[in-house]
Amino acid sequence: MTVFFQQLINGLSLGSIYALIALGYTMVYGIIKLINFAHGDIYMLGAYFGFLAITYLHVGFFPAILISMALCAILGVVIERIAYKPLRNATRIAALITAIGVSYFLEAGTQQVMGTSVRAFPQVLNNQVFNIAGLRITEQQIYIFVTTIVLMLILQFIVKKTKIGRAMRAVSTDSDAARLMGINVDATISITFAIGSALAGAAGVLVGIYYSSINPLMGMLPGIKAFIAAVFGGIGIIPGAMFGGFFIGICEAIVSGYGGSLFKDAVVYIILIVILVIKPAGLLGKNVKEKV
Amino acid sequence: MKKMLNKANLYWLLFCVGGYALLMGLMSAGIIDAVNQTVIQTIIVNIILAISLNLIIGITGQFSLGHAGFMCVGAYSAGVMLKQIGGLNGFFIGILIGMVINAVLALIVAIPTLRLKGDYLAIATLGFGEIIRIIVLNMDITNGAAGLVLPRVVDFTILFVFMVVALLIVVNFTRSAAGRACISIREDEIASEAMGINTTKYKVIAFVIGALIASWAGALYAGNFYVINPGMFTYSKSIDILVIVVFGGMGSMTGSVISAVVLGFINSFLQSFSNMRMIIYGLALVMIMVFRPSGLLGTREFKFSSLFKRFTKKKEASQ
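The listed protein sequences derive, respectively, from chains X and E. Residues in the first sequence are numbered from 1 upward in steps of one, following the working numbering. Residues in the second sequence are numbered from 1001 upward in steps of one, following the working numbering.
So, in structure tokens, the structure goes:
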């Protein structure tokens, strides 16, 4: 039983990271129906921004996260404006290929600038370990979990309570109607990208602290898994992405905790396929009837 | 019934034989050096992959990202048989085994997932492809992550013949009644269902044919390039194939062939720039999609028969 609870704790930290990335996926998908394949690479760049900020500016944990979030937000908006905006009326698959192109560009660009090797992420937190009832909880895990929860609460506040959040919900429901109501759709989409990318940036710094190593290709697999998390919870639904992220993270941790670490990725994909076959709209999604 | 060997088909035959003779001649004369020979071999494998994926995505409109998984099965069946039996016999037995496994797998994948649409289907097939790869990664007979080192049993002739056969099958399928049913599913699934087309059946047929041809590509790859390992068949491989298809134009087999050739040479040209290669490649993808979202050829095909029509029209106009 100790193994189970220990892996539950590890899974919560891993799941926090997936959930933060999944939020960006789900928000972008909700608003322009694009699987933003480059999102995983924004998360990777977030880790590098945090790395650079800590190494060269000698800042602490919170300033590093804020710097990384700000830079990622700008980057997200720039990518949206240059690559995705001209394709707003193109086919979905064209937009998807563009996202893949952006992803290649960011990965190779980072490799060019920062080198292909794995870099050690500087430790800005104490490595204190708490032993509670036989369970091992590190200070980093607490920081990761708390930061994630705070960011999620802020996001919920923005989406539910502010004017811009209302605009985002309106555009994702029906962008044409929103435009007719006087909402600036382009600006709203840009802000969605900014918020999503900022969350990915935060996730990047957190993962750097958790695993203490970063590399230019680290975004690929977590990107896919975060997308699976978003689909699992119901894509386009913000609480769904949070729930999906935690669920996938915990499943993965438990599977590797019981000795199946070689198959932990396969388990994630099996979960995905099962959920898609049983309830394609995701766990929290509503079935939308197709109109002819 | 139309004659099998009409004028257009005769020209195609001449075109294939001529192309083969030309490439073979240039290779044996040493004008195409070893590096470019490898490029051409890669291009042929990519053409087979691209047309098989185009059948699923471009013709039937089912967005699959699991193609690397089917290629992986083909490659490993051929690879394992090459190890166990050896020689060309082993290779062809391997291809047959790969086709059987792939047919079963494609049915298992297709029947539940083809109910899904668009992005969901894409992500589900991606999951299946990765599961296949992870299984291969953890098997003993496949030698795990290290992969297999194989003798080269495939020569240019075999590659070329497989490519032509694959093209024949796919092009003829798209022009058959079943192929037209697939196209109607792409255009409007609900309308074609209302017209009495068994949409699930045709989607599954297209999917299985695509998977079978992808397994050839995998086998040819294994028989030609000495080394296979599971790291080659990640979803990025599926994306690479998808890029070829979309770049050439979804639904155009001519487009797939041309884009496989163009991208193959661009890739080998950029090889010398190492890291810059992927940067330029990524930028090129974005540019193509921004300025030409329907790909190079859209859904147009090159046909000798329409070429004749154009000539005869011109003659009539000039007379």
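Where is the CB? At the ideal position from N, CA and C, for every residue including glycine. What you are looking at is a predicted structure, and each value in this text was computed from that prediction instead of being measured.
Query, Result
"For a quick check, are the C-beta atoms of alanine 1211 of chain E and phenylalanine 1304 of chain E less than 9 Å apart?", "no"
"Inspect the beta-carbon positions of methionine 1232 of chain E and glutamine 111 of chain X and report whether they are closer than 9 Å.", "no"
"When you compare each of E/Phe1311, E/Arg1310, E/Leu1307, E/Pro1293 to alanine 83 of chain X by their alpha carbons, which one comes out closest?", "E/Pro1293"
"Per DSSP, asparagine 131 of chain X forms a beta bridge with which residues?", "X/Arg136"
"Take the Cβ of methionine 1001 of chain E as the centre, count every other Cβ of all protein chains shown within 10 Å, and call the residue buried at 16 or more, exposed below.", "In this prediction, methionine 1001 of chain E has a pLDDT of 47, which is less than 50 and means its spatial position is unreliable; nothing more can be read from the coordinates."
"Checking contacts by CB at 9 Å: is tyrosine 1076 of chain E closer than that to chain X?", "no"
"Can you give me, in chain order, the residues of the stretch 64 to 92 of chain X that have a beta carbon less than 7 Å from any beta carbon in chain E?", "Ala83, Pro86, Leu87, Ala90, Thr91, Arg92"
"Is the Cβ-Cβ distance between alanine 1178 of chain E and isoleucine 1205 of chain E less than 9 Å?", "yes"
"Which value, in whole angstroms, describes the spacing of the CA atoms of alanine 1050 of chain E and glutamine 1062 of chain E?", "14 Å"
"If you reduce the DSSP assignment to three classes, tell me which class alanine 120 of chain X lands in.", "strand"
"List, in chain order, every chain E residue whose beta-carbon is nearer than 8 Å to that of phenylalanine 263 of chain X.", "Ile1134, Asn1138"
"Under a Cβ-count criterion, where at least 16 other Cβ atoms within 10 Å of its own Cβ denotes burial, should glycine 1087 of chain E be classed as buried or exposed?", "exposed"
"In its own chain, which residues sit with a C-beta less than 8 Å from the C-beta of arginine 1133 of chain E, not counting the 5 before and 5 after it?", "Ala1068, Gly1069, Cys1072, Pro1230, Phe1233, Thr1234"
"Just to confirm before moving on: does the CB-CB distance between leucine 106 of chain X and methionine 44 of chain X stay below 9 Å?", "yes"
"For lysine 286 of chain X, which residues of its own chain have a beta-carbon under 6 Å away from its beta-carbon, when the five flanking residues on both sides are left out?", "none"
"What residues are listed by DSSP as bridge partners for serine 1028 of chain E?", "None; serine 1028 of chain E has no bridge partner."
"Helix, strand or coil: how does DSSP classify serine 213 of chain X here?", "strand"
"At a cut of 8 Å, does the stretch 1259 to 1267 of chain E reach the stretch 1029 to 1044 of chain E through at least three beta carbon pairs?", "yes"
"When we look at the beta-carbon of aspartate 174 of chain X and count the other beta-carbons within 10 Å, is it buried (16 or more) or exposed?", "exposed"
"Would threonine 1157 of chain E pass as an interface residue toward chain X - the criterion being a Cβ-Cβ separation below 9 Å?", "no"
"Nearest-angstrom Cα distance between alanine 229 of chain X and tyrosine 25 of chain X?", "9 Å"
"Starting from glycine 1086 of chain E and walking both ways along the alpha helix (DSSP H), at which residues does that stretch end?", "Premise fails: glycine 1086 of chain E is in no alpha helix (DSSP H) and is neither H nor E."
"With C-beta atoms as the reference, is isoleucine 35 of chain X less than 9 Å away from aspartate 1119 of chain E?", "yes"
"Quick one: which chain X residues come within Cβ less than 7 Å of isoleucine 1239 of chain E?", "Ile100"
"Return the bridge partner residues of valine 1149 of chain E from the DSSP annotation.", "E/Val1227"
"In whole angstroms, what is the alpha-carbon distance linking glycine 1127 of chain E and arginine 1300 of chain E?", "32 Å"
"Answer yes or no: do glycine 76 of chain X and alanine 64 of chain X have a C-beta to C-beta separation smaller than 9 Å?", "no"
"Just by C-beta distance, which residues in the stretch 1287 to 1309 of chain E are closer than 7 Å to chain X?", "Met1289, Val1290, Pro1293"
"On the criterion of 16 or more Cβ atoms from any shown chain inside 10 Å, does proline 222 of chain X qualify as buried, or is it exposed?", "buried"
"Who are the near neighbours of threonine 188 of chain X in its chain, counting only those whose CB is closer than 6 Å to its CB and skipping five residues on each side?", "Ala167, Met168, Val171"
"Contact check, serine 1252 of chain E vs glycine 1298 of chain E under 8 Å by CB: the rounded distance?", "7 Å"
"Between the beta-carbon of glycine 15 of chain X and the beta-carbon of glycine 249 of chain X, is there less than 9 Å?", "yes"
"Flag this pair as yes or no: are the beta carbons of phenylalanine 246 of chain X and isoleucine 79 of chain X separated by less than 9 Å?", "no"
"My guess is that glycine 1079 of chain E and leucine 1168 of chain E are in contact by the Cβ rule of under 8 Å, so how many angstroms apart are they, rounded?", "Not really, about 26 Å apart at Cβ, beyond 8 Å."
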